[in-house]
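Visitor: First the structure, which I've put down as structure tokens, then a few questions once you've had a look.
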Amino acid sequence: MSKKQKRMLARLVAAAVLFAAALPLPLTGLARLAVFLLPYAVVGWDVLWRAVRNIAHGQVFDENFLMALATIGALATGEYPEAVFVMLFYQVGELFQSYAVDQSRKSITALMDIRPDYANMEVDGQLQQVDPEDVAVGDTIVIKPGERIPLDGVVLEGSTTVDTAALTGESLPREAGPGDDVISGCVNLSGLLRVQVTRPFEESTVSKILDLVENASGRKAKAEHFITKFARYYTPIVVLAAVALAFLPPLFTSIQWVESIHRALNFLVVSCPCALVISVPLSFFGGIGGASRDGILVKGGNYLEVLARTEIVVFDKTGTLTQGVFNVTAIHPDDCSEGQLLELAALAESWSDHPISRSLKEAYGKELDSARVSEAEELSGRGVRAVVDGHTVCAGNDKLMEDIGVSWHPCHRVGTTVHVAADGVYLGHIVISDQVKPDAKEAIAALKAQGVRKTVMLTGDAREVGEDVAGRLGLDEVHTQLLPADKVEQVETLLKQVSSKGALAFVGDGINDAPVLSRADVGIAMGGLGSDAAIEAADIVLMDDKPSKIAHAIAIARRTLAIVRQNIVFALAVKLLVLVLSAAGWASMWAAVFADVGVSVIAILNAMRCLRQPKQS
Ligand code: ADP
Ligand code: MG
């Protein structure tokens, strides 16, 4: 508990004792008022104060006002014990609320407790602990076993295993050795590492993730907006109704003034909307927090709402359903050696970060002299063009060859074919193949089991390759040989097939599919542990690149929304019932305050279930 909460608790106990002591006293008149005013003031002075202050600021109708009005009314009509009890119970509810909100915030910040406190920097051969923000790109830092990696970088020396669980929810540690990238926020488990920093702290993976989580509550779900609006109109209406309830019946019926005012006061107590105002945002907060614990970053409650309605899931192929790591399966030169063809391709691709480029460079294996390459250009969905040793080299698919008017010949092997041409002359091709991710097939099956109507794959790759992958994974539909713009068109066609209640999700790796990610109702990106393009373009980021997390994310979204719905229905139903009862004079103020605070507590406890997420399938 915080200091403030402890102080509140002390006040509650003191007031409860004073209240219990006052009840049996055989006093009447002003003396009786005085002994009840004491606990009332101890527990409620701040509510009265806030009500007055808000009125001074022009915000009349809030819950402080409702409670102040109801209890002062009770005091004025001689119902002293009720007044104290309502205030006491109301404050118990408030304390519980603030405790619950703190608790969920804490468990989320604990998950997100990846902000490093320091970095060990080498200065003149000595280790110094410095603020990670003061470390520059190119500096060398040392990470000891057990320490959190403070900045993104590349390993210079040492090898270790790295625990990425804080970022990905994945408990299996990864190996890292010289030349490997390491990501801030992970924990170095076993070896001493010397790391060269590649990104300043503000742009590090940790900063990006923290930003994202901190801003998530800014993007409100429709249900949250609804509740805010609801509270704004609801409270004044309730006060008007209470006034009517107090004055009309005595004028037209035989009901006494005291009785009707009493009913109106009860009515005010029950009508307090706090159960909804607190529990709905708390549910979304919990849903987002629970998801992030499993390596699913959701940028706002609104995306959980959309995700829960998903009917069609559209996938990109490379890097999303497949690993994006290609093996060279054949090199077929027309007019040079295999080694020369591979070298030329690797040089032409040297500036690109596309999975194909990375794989070709990896296959070539030797250091590439970047001075030999100039005017490198990426032609998305086709390939690359660059000037290598003064010759214009193009490497890419059939489309690219047709674009530049080079006659090419197909390969008898199934696989992604990278044709290479220099100065308009065909030199041959390299056949590469990618592997589907181990969980891709079960990911599709899980989506079907959840009632997702259609799964579609879009790819820029060759027809045989695309259809082969789609067939093996059990996708409903596949479209191949698409340029990035064609993918947008396909998604627009698919969007027309979505029912008015449904939604379309697009899942990509963030490389050349940013336009589609933003066109879909909800864009999900493979975070690729550190790929910024993906983190920026998407609404939801899967930190460990596993397609099976999509079904899990949908389950979390549905559960969160179910809990929100339960709370709205439950709170409104109980309140309506007690409102009717108190208007009719059948509910006492004791029952009214029970209804109000009880509903809040139950709704909050229910909302906190959002933090614990359904088991991952
Ligand atoms: P996907 O739709 O599967 O994500 P892309 O749109 O990135 O694939 O690329 C589609 C096709 O364009 C690839 O299959 C490949 O034939 C060609 N291509 C794209 N980028 C490159 C590159 N850097 N080098 C060679 N070929 C490329
Ligand atoms: Mg792609």
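Going by my numbering, 195 is the number at position 186 of the sequence shown; the sequence numbering is gapless. All residues carry an ideal CB built from backbone N, CA and C; glycine is no exception.
In terms of DSSP beta bridges, what is GLN597 paired with?
Guide: For the purposes of this step, residue 597 is identified with residue 588 of the sequence shown, where counting begins at 1. Sequence check: residue 597 is Ser here, not Gln. In DSSP, SER597 forms no bridge with anything.
Visitor: Pick helix, strand or coil for SER383, following the three-state DSSP scheme.
Guide: One-based indexing of the sequence shown puts residue 383 at position 374. Of the three classes helix, strand and coil, the one that applies to SER383 here is strand, per DSSP.
Visitor: Quick one: complete beta strand (DSSP E) runs, 3+ long, within the segment 283 to 307?
Guide: 305 to 307
Visitor: Tell me the rounded alpha-carbon separation between LEU136 and ASP432.
Guide: In the sequence shown, counting from the first residue as 1, residue 136 sits at position 127. In the sequence shown, counting from the first residue as 1, residue 432 sits at position 423. So the alpha carbons of these two residues sit roughly 54 Å apart.
Visitor: Residue ranges of each beta strand (DSSP E) run of no fewer than 3 residues wholly in the segment 335 to 393, ordered along the chain?
Guide: 336 to 342, 382 to 388
Visitor: Taking the DSSP output, what are the residues bridged to PHE324?
Guide: Reading the sequence shown from its first residue, position 315 is the one you call residue 324. For PHE324, which the question treats as bridged, DSSP gives the partners MET466, VAL516.
Visitor: Can you look up SER626 in the DSSP assignment and give me helix, strand or coil?
Guide: Position 617 of the sequence shown, counting from 1, holds the residue named residue 626. Bear in mind that the predicted position of SER626 carries a pLDDT of just 48, short of 50, making it unreliable; the figure below should be weighed with that in mind. Coil at SER626, not helix or strand.
Visitor: Can you name the start and end residues of the beta strand (DSSP E) that ASN129 belongs to?
Guide: Taking the first residue of the sequence shown as position 1, residue 129 is located at position 120. Unbroken beta strand (DSSP E) run through ASN129: 128 to 132.
Visitor: Please report how far the alpha carbon of GLU352 lies from the alpha carbon of SER368, in whole angstroms.
Guide: To locate residue 352, count along the sequence shown from 1; it is residue 343. To locate residue 368, count along the sequence shown from 1; it is residue 359. So the two alpha carbons sit approximately 13 Å from each other.
Visitor: Cα-Cα, which of VAL573, GLY155, GLN106, GLY147 is closest to THR173?
Guide: Counting from 1 along the sequence shown, the entry for residue 173 is found at position 164. Residue GLY155 is the option with its Cα nearest to THR173.
Visitor: In whole angstroms, give me the CA-to-CA distance for ASP161 and VAL206.
Guide: If you number the sequence shown from 1, residue 161 lands on position 152. If you number the sequence shown from 1, residue 206 lands on position 197. Cα to Cα, the separation comes out at about 6 Å.
Visitor: Could you check the C-alpha separation between LYS408 and ARG391 for me, to the nearest Å?
Guide: By one-based count along the sequence shown, residue 408 stands at place 399. By one-based count along the sequence shown, residue 391 stands at place 382. Their backbone Cα atoms lie some 6 Å apart in a straight line.
Visitor: Alpha carbon to alpha carbon, how far is GLU498 from MET466?
Guide: Within the sequence shown, residue 498 is the residue found at index 489, counting from 1. Within the sequence shown, residue 466 is the residue found at index 457, counting from 1. The C-alpha of MET466 is placed about 14 Å away from the C-alpha of GLU498.
Visitor: Where are the alpha helix (DSSP H) runs, 4 residues long or more, that stay fully inside the segment 487 to 516, in chain order?
Guide: 493 to 505
Visitor: Using CA coordinates, which residue listed in TRP595, GLY299, ALA547, VAL429 is at the minimum distance from MET535?
Guide: For the purposes of this step, residue 535 is identified with residue 526 of the sequence shown, where counting begins at 1. For the set TRP595, GLY299, ALA547, VAL429, the Cα lying nearest the Cα of MET535 is the one of ALA547.
Visitor: Any idea if ASP190 is buried or exposed, counting beta-carbon neighbours within 10 angstroms, 16 or more meaning buried?
Guide: Along the sequence shown, one-based indexing puts residue 190 at 181. Exposed, by the Cβ-count rule.
Visitor: Counting only the same chain and skipping the five closest in sequence on each side, list residues whose C-beta sits under 7 Å from that of ARG318.
Guide: The residue you call residue 318 lines up with position 309 of the sequence shown. Around ARG318: LYS510, GLY511, ALA512.
Visitor: Tell me whether SER361, by its Cβ, gets closer than 6 Å to a heavy atom of the ligand ADP.
Guide: In the sequence shown, counting from the first residue as 1, residue 361 sits at position 352. Yes, since a heavy atom of the ligand ADP falls inside the 6 Å radius drawn around the Cβ of SER361.
Visitor: How big is the Cα-Cα spacing for ASP412 and ARG481?
Guide: Start at 1 with the first residue of the sequence shown, and residue 412 comes out as number 403. Start at 1 with the first residue of the sequence shown, and residue 481 comes out as number 472. Approximately 32 Å, taken between the alpha carbons.
Visitor: Whose C-beta lies closer than 6 Å to the C-beta of ALA339 among residues of the same chain, with five residues either side of it excluded?
Guide: The residue labelled residue 339 in the question sits at position 330 within the sequence shown. Correct list, in chain order: ARG422, VAL440.
Visitor: Please return the same chain residues whose Cβ sits closer than 8 Å to the Cβ of ALA454, not counting the five positions on each side in sequence.
Guide: Taking the first residue of the sequence shown as position 1, residue 454 is located at position 445. If we look at ALA454 and ignore the five residues flanking it on each side, its Cβ neighbours are GLY483.
Visitor: Specify which residues have a beta carbon nearer than 6 Å to any heavy atom of the ligand ADP, listing them in chain order.
Guide: That gives ASP325, LYS326, THR327, GLU358, SER361, HIS363, ILE365, SER366, GLY390, ARG391, GLY392, VAL393, ALA404, GLY405, ASN406, THR425, VAL427, THR468, GLY469, ASP470, ASN521.
Visitor: On the criterion of 16 or more Cβ atoms from any shown chain inside 10 Å, does ILE246 qualify as buried, or is it exposed?
Guide: Taking the sequence shown and counting its residues from 1, the one referred to as residue 246 is at position 237. Its Cβ having fewer than 16 others within 10 Å, ILE246 is exposed.
Visitor: Three or more beta-carbon pairs under 8 Å between the segment 292 to 307 and the segment 559 to 566, yes or no?
Guide: yes
Visitor: Just verifying my parser: in three-state terms, what is the DSSP assignment at CYS619?
Guide: Translated into positions along the sequence shown, residue 619 becomes position 610. Looking at CYS619 - three-state DSSP - the assignment turns out to be helix.
Visitor: Going by the beta-carbon positions, is the gap between PRO159 and PRO187 smaller than 7 Å?
Guide: If you number the sequence shown from 1, residue 159 lands on position 150. If you number the sequence shown from 1, residue 187 lands on position 178. No, the Cβ-Cβ distance between PRO159 and PRO187 is not below 7 Å.
Visitor: With 16 other CB atoms within 10 Å as the buried threshold, where does TYR518 fall?
Guide: Counted from its first residue, the sequence shown places residue 518 at position 509. Reading off the sequence, residue 518 comes out as Asp, not Tyr. Answer is buried; the Cβ neighbour count reaches 16.
Visitor: Kindly give me the distance between the Cβ atoms of THR489 and GLU501, rounded to whole angstroms, as I take these residues to be in contact under 8 Å.
Guide: Residue mapping note: residue 489 aligns to position 480 of the sequence shown, counting from 1. Residue mapping note: residue 501 aligns to position 492 of the sequence shown, counting from 1. The distance from the Cβ of THR489 to that of GLU501 is about 18 Å, inconsistent with a contact at the 8 Å cut-off.
Visitor: Tell me, which residues are paired with HIS400 by DSSP?
Guide: As a first step, residue 400 must be located in the sequence shown, where it is residue number 391. HIS400 is bridged by DSSP to VAL397.
Visitor: Just verifying my parser: in three-state terms, what is the DSSP assignment at THR214?
Guide: Residue mapping note: residue 214 aligns to position 205 of the sequence shown, counting from 1. DSSP places THR214 in helix when its eight states are reduced to three.
Visitor: Apply the 10 Å Cβ neighbour rule to SER626 and answer buried if 16 or more other Cβ atoms are within range, or exposed otherwise.
Guide: Working through the sequence shown from its first residue, we reach residue 626 at position 617. Any reading at SER626 is ruled out, since the residue's pLDDT is 48, under 50, leaving its predicted position unreliable.
Visitor: Who are the Cβ neighbours of ARG228 in its own chain at under 7 Å, not counting the five residues just before and after it?
Guide: For the purposes of this step, residue 228 is taken as residue 219 along the sequence shown, with counting starting at 1. Excluding positions up to five away in sequence, the list reads LYS308, GLY309, GLY310, ASN311.
Visitor: Starting from SER557 and walking both ways along the alpha helix (DSSP H), at which residues does that stretch end?
Guide: What you label residue 557 is simply residue 548 of the sequence shown in a count that begins at 1. Segment 557 to 592, the alpha helix (DSSP H) holding SER557.
Visitor: Among the residues of its own chain, which have a CB less than 6 Å from the CB of GLY594, if the five just before and after it don't count?
Guide: The count along the sequence shown starts at 1 and reaches residue 594 at position 585. Result list for GLY594: ARG272, in chain order.
Visitor: What alpha helix (DSSP H) runs, 4 residues minimum, are completely inside the segment 17 to 105?
Guide: 38 to 65, 72 to 85
Visitor: HIS428 and MET410: beta carbons closer than 7 Å?
Guide: By 1-based counting over the sequence shown, the position of residue 428 is 419. By 1-based counting over the sequence shown, the position of residue 410 is 401. In contact: HIS428 and MET410 (Cβ atoms closer than 7 Å).
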